[in-house]
Structures are given as structure tokens and as C-alpha cells.
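**Q** One structure follows; several queries about it will come next.
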Ligand SMILES: [Zn+2]
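Numbering (the working numbering), first residue to last: 145 to 594.
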């Protein structure tokens, strides 16, 4: 008799497997993915053909009802200290940088903690189980953001893993007080060194900024996660310099570069040279498809060409209703869909490429493994009520269940009543735990008999 499972996800669809499959979970790990057996005739089931022949050896069963079961998602680039802070902006301040600075000058630890918690819980409900957070460390807000996000991280440790980057948003040469604060941040719980060289005055100061970031990383033995060339401006060239510095320091595979927007507007010969340097340095690139700075779009880098050169490429959210960006959902489907559109993916497998930007490649970018569900790995999963990636990426209202290490930790339900009445999507995913819930943000459900 095989050992009892903790959870059986029944009759789901897993990318790469034909037909309906069952996902077997024990001790927080996926221990098998195997075809769902047809229901024997006359056993009393309703005949939907979905039930397994012998589902009884699991303590709990989650009926996926033919829905897609995916590996959970990774958010490789987000700023939770700033979450939902836009309302704190002074009236009439149009410039994004000045506005963001004015907002963070008012941060307090409890305020950051509460806003970050709200964002991290939203990410979890959307299917995210790992997130890399950039947190401002500078003379404006000191270590307030760090302490707030550290407190929030502790309270959501059961939902998702949060890595923290100490991010000198105001510069290092421009803001000399940021230097000792970064050191203090790395001693107080930040696990990575961040940077943004382009904020410094002039090319030599920008290069000095990059060198200082690596100096700090070497001193503390951490990896680097650095904002580079964040606008579609061909004069921004810090990605190429950072790739060279990565090789010089022997930091291959330990550097994430985010944004890298100027690459999009280099001429093709320059772009090819920089992409080759990035590939040689094994610098991972996180593009930010949803973001928009005041005055225009930021561009999307060149995710297709980077990936073709062998670079690990992922997509991140960056901001959510803060001084830099008014919108944002922390929904991996949104960033994957926007990247799909923005990058002009059209080849065979384009939808899978878009999926990977927020799933396997996003995990790989921040130190995890690539790929989808794998036997022997953590049962960090998302169950959708739609059958395939294309429908999930399309963003129609629906339900999702997030599992972390085999336990249901989040539910999201965007079905419900609209101006035109209830949306009649399948009521699958009702097999275990509590129903969708009545938390904030969930539309009211009109009673049929009212
Ligand atoms: Zn950022």
C-alpha cells in the first residue's frame, strides 16, 4: 500500500502533459504527476470522466475540474516599501522623482509595514510564492523602509519568500549618507546590494557607483541586483559597463540588471555587442513591461534578443499605486501579457515564453530553478479554473488557488456580479478549504432570490 498523500490535486491540466492529470503531494513536495484515470462505469459518479479510480489515499482532495495547474509565480522586481503610497503625495507635484522623494520622507515603520503587507498578500493571492523586494535606503527615509518591509516579511513568511535588496535610489555619490546606511542595511537583514548608477552626474560618477555596489557586495558576500538604464535614452550605457564589471569581479550568475530600457533604442550593432557582453557575464535581466514614467513609456528592453543569446530574462512589476506609477496589480498574468504584447512575441511557443518570464525564468533570475512543475520539488502551485495558459494570460475573470509547499495559502476570485449580472464561469476549485472568501476587494455577490 503506497503511503497516503497529504493532498491530491485531481483532474488538472499540466503544461507538457497530455489530457487530465493528478498531482500527488506529500510532505510539501510534488511526488507524482500521472494521468487521471477514467471513472469506471456504474460507480455512481456523475460521469464527467474526471475522477481518479482510486482517490482515497489522500487526506485532502482538490478537484481542479479540468483547470490548469502551474508552478507558482515569482515576482523578481518590486518595491513594497512604496506600495499604495500615491495618496501621500503632495498636491500638484508632477515630477515622478520629486514626488516619490516627498512621499518617502513621510514614511514610518508601521505605515510601511501595513502597506507592504497589503501588497505582499495581494501577490500571494495572485499566485506568487517568491518575491524580490527593492527597498529604498538613503538620506530621505533612512532605514524606515527596510524595517517596515522586514516586519511585513515576517508576517507573510507562510505565504511567500521575500528577498530584500538595499536600494540607494538617491544615488551613492549624490547622496553620500546612503553609503553608511547601506552598510547598516546589510547588517540588519537586507540580503542583496542594489544600485541605480544613472542617477549620478556624469559617466565617471556612474561607473564609480557601479564599482561601489560591487565593492559592497564583495564585502558582504551578497549578490547584486541593480537598476540600469531605466529610460529609452540611447545615451544611457550602464548595462554594458556592469556586464564588464561582473566579469572583472568574477560575479557571473550573481547579478540581476533590471529595466535595461535604453538597449531598446541602441542601433542594432550596439545592441548586439551589449547583449553578447550580458550573455558572457551571465547577467540576468528583469524587464518591467507595465511601467511608465511621467512623460512617456520606458520601453521594454530587448527581451527576445536577450533570451536568444542565452540570457535569463524575466519580467517584474516594479511599482503599484505609488509615486512612480499610478496603476499596478502584482498579477503575474498582467506582466506576462504586457510583455507578450510589448515584445511582439509571435513565434511558435510565444505564450510559453511569456509564461516563463513570470514563472520558471523569473525564479531562475533570483536564484531558483527554471521550468514548470517538477517531481521532487516544492509543491508551490497555482490552480486556475481555466484549462490553458492562453486563457489564463487573456485575463478573463476567474478563480485561482495558490498552494505553498502543498498547502492552500491563497484564493482569488474575480468572478461575481458585474453591471450585466453574474459571470457564469465554472465553480471548480471548490473541493477543499473555505470558499472564495469575503475579503476586501471581492465584489459583492447578488443573491439569486433577492
Ligand atoms: Zn525598480
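C-beta: ideal position from N, C-alpha, C; glycine also. These figures come from a predicted structure and were not determined experimentally.
Using DSSP with H/G/I as helix, E/B as strand and the rest coil, what is residue 386?
**A** Residue 386: helix per DSSP, three-state reduction.
**Q** With DSSP as the reference, please indicate the residues paired to residue 543 in a beta bridge.
**A** According to DSSP, which records beta bridges pairwise, residue 543 is partnered with 557.
**Q** Which value, in whole angstroms, describes the spacing of the CA atoms of residue 374 and residue 246?
**A** Answer to the nearest angstrom: the Cα atoms are 21 Å apart.
**Q** Rank 416, 471, 559 and 470 by C-alpha distance to the C-alpha of residue 445 and give the top, closest one.
**A** Of the candidates 416, 471, 559 and 470, the one whose C-alpha sits nearest the C-alpha of residue 445 is 416.
**Q** Would you tell me roughly how many angstroms separate the C-alpha atoms of residue 470 and residue 497, rounded to the nearest one?
**A** Taking the straight line joining both Cα atoms gives about 27 Å.
**Q** Mind listing, in chain order, the continuous beta strand (DSSP E) runs of no fewer than 3 residues lying wholly within the segment 348-383?
**A** Listed in chain order, they are 367-372.
**Q** When burial is assigned at 16 or more other CB atoms within 10 Å of the CB, is residue 224 buried or exposed?
**A** Burial call: buried.
**Q** Look at residue 283 and residue 322 and say whether their C-beta atoms are less than 8 Å apart.
**A** Closer than 8 Å, so yes.
**Q** Mind listing which residues have their beta carbon within less than 6 Å of any non-hydrogen atom of ligand 1? Chain order is fine.
**A** Going by the Cβ distance cut-off, the answer is 221, 223, 278, 371, 402 and 462.
**Q** If you count every other CB in all the chains shown that lies within 10 Å of the CB of residue 456, and 16 or more means buried, which is it?
**A** Counting Cβ neighbours within 10 Å, residue 456 comes out buried, since at least 16 surround it.
**Q** By alpha-carbon positions, which one of 306, 313, 214 and 177 ends up nearest to residue 544?
**A** Considering only alpha carbons, the answer is 214.
**Q** Suppose contacts are defined by Cβ-Cβ distances below 8 Å. Is residue 312 in contact with residue 281 by that definition?
**A** Cβ distance < 8 Å, so residue 312 and residue 281 count as in contact.
**Q** Where do the N-terminal and C-terminal ends of the alpha helix (DSSP H) with residue 424 fall, by residue?
**A** Run containing residue 424: 412-424, per the alpha helix (DSSP H) assignment.
**Q** Excluding the 5 residues flanking residue 159 on each side, which residues of the same chain have their C-beta closer than 6 Å to its C-beta?
**A** Contacts found: 516.
**Q** Could you say if the segment 450-465 and the segment 418-433 meet the contact criterion of at least three C-beta pairs nearer than 8 Å?
**A** With a cut-off of 8 Å, the segment 418-433 and the segment 450-465 count as touching, because enough Cβ pairs lie within range.
**Q** How about the segment 397-411 and the segment 370-385: do they share at least three Cβ pairs that are nearer than 8 Å?
**A** Cβ pair count under 8 Å is three or more, so yes.
**Q** Which of helix, strand or coil does DSSP assign to residue 169?
**A** Of the three classes helix, strand and coil, the one that applies to residue 169 here is strand, per DSSP.
**Q** Whole angstroms is fine: what's the gap from residue 171's alpha carbon to residue 226's?
**A** Rounded to whole angstroms, residue 171 to residue 226 spans 36 Å at the Cα level.
**Q** List in chain order: all unbroken alpha helix (DSSP H) runs of 4+ residues lying wholly within the segment 454-521.
**A** Taking only runs of at least 4 residues, the alpha helix (DSSP H) segments lying wholly in the segment 454-521 are 476-486, 494-502 and 504-509.
**Q** Tell me where the beta strand (DSSP E) around residue 345 begins and ends.
**A** Neither: residue 345 is in no beta strand (DSSP E) and is coded neither H nor E.
**Q** Where does residue 225 sit, in a helix, a strand or coil, going by DSSP?
**A** Three-state result, residue 225: helix.
**Q** Comparing alpha-carbon positions, which option in 467, 526, 476 and 479 lies nearest residue 238?
**A** For the residues 467, 526, 476 and 479, the minimum Cα distance to residue 238 belongs to 467.
**Q** Quick one: Cα of residue 196 to Cα of residue 540, how far?
**A** Residue confidence for residue 196 is low, a pLDDT of 43 falling below 50, so the modelled location carries little weight and cannot support an answer.
**Q** Under DSSP, the beta strand (DSSP E) around residue 204 begins and ends at which residues?
**A** 202-207 is the extent of the beta strand (DSSP E) around residue 204.
**Q** Any idea what DSSP makes of residue 550, helix, strand or coil?
**A** Correct three-state label for residue 550: coil.
**Q** If you follow the alpha helix (DSSP H) that residue 291 is part of, which residue opens it and which one closes it?
**A** Segment 288-299, the alpha helix (DSSP H) holding residue 291.
**Q** Can we say the segment 476-489 touches the segment 254-265, given the rule of at least three CB pairs closer than 8 Å?
**A** No, because fewer than three Cβ pairs between the segment 476-489 and the segment 254-265 fall closer than 8 Å, the two stretches do not touch.
**Q** Using the beta-carbon count (16 or more within 10 Å), is residue 519 buried or exposed?
**A** Classification of residue 519: exposed, given that the 10 Å Cβ count is below 16.
**Q** Apply the 10 Å Cβ neighbour rule to residue 209 and answer buried if 16 or more other Cβ atoms are within range, or exposed otherwise.
**A** Buried, because 16 or more other Cβ atoms sit within 10 Å of the Cβ of residue 209.
**Q** Would you decide whether residue 163 is buried or exposed? Buried here means 16 or more other CB atoms lie within 10 Å of its CB.
**A** Under this definition residue 163 is an exposed residue.
**Q** Which residue's Cα is closest to the Cα of residue 527: 207, 148 and 147?
**A** Among 207, 148 and 147, the Cα nearest to that of residue 527 belongs to 207.
**Q** Hey, residue 306 and residue 372: beta-carbon distance below 8 Å or not?
**A** Against a cut-off of 8 Å, the Cβ pair of residue 372 and residue 306 comes out as no contact.
**Q** Let's test the definition: count the other Cβ atoms within 10 Å of the Cβ of residue 243 and tell me whether it reaches 16, buried, or not, exposed.
**A** Residue 243 is buried by the Cβ-count criterion.
**Q** So, are the CB atoms of residue 336 and residue 366 less than 8 Å apart?
**A** Contact flag set, yes.
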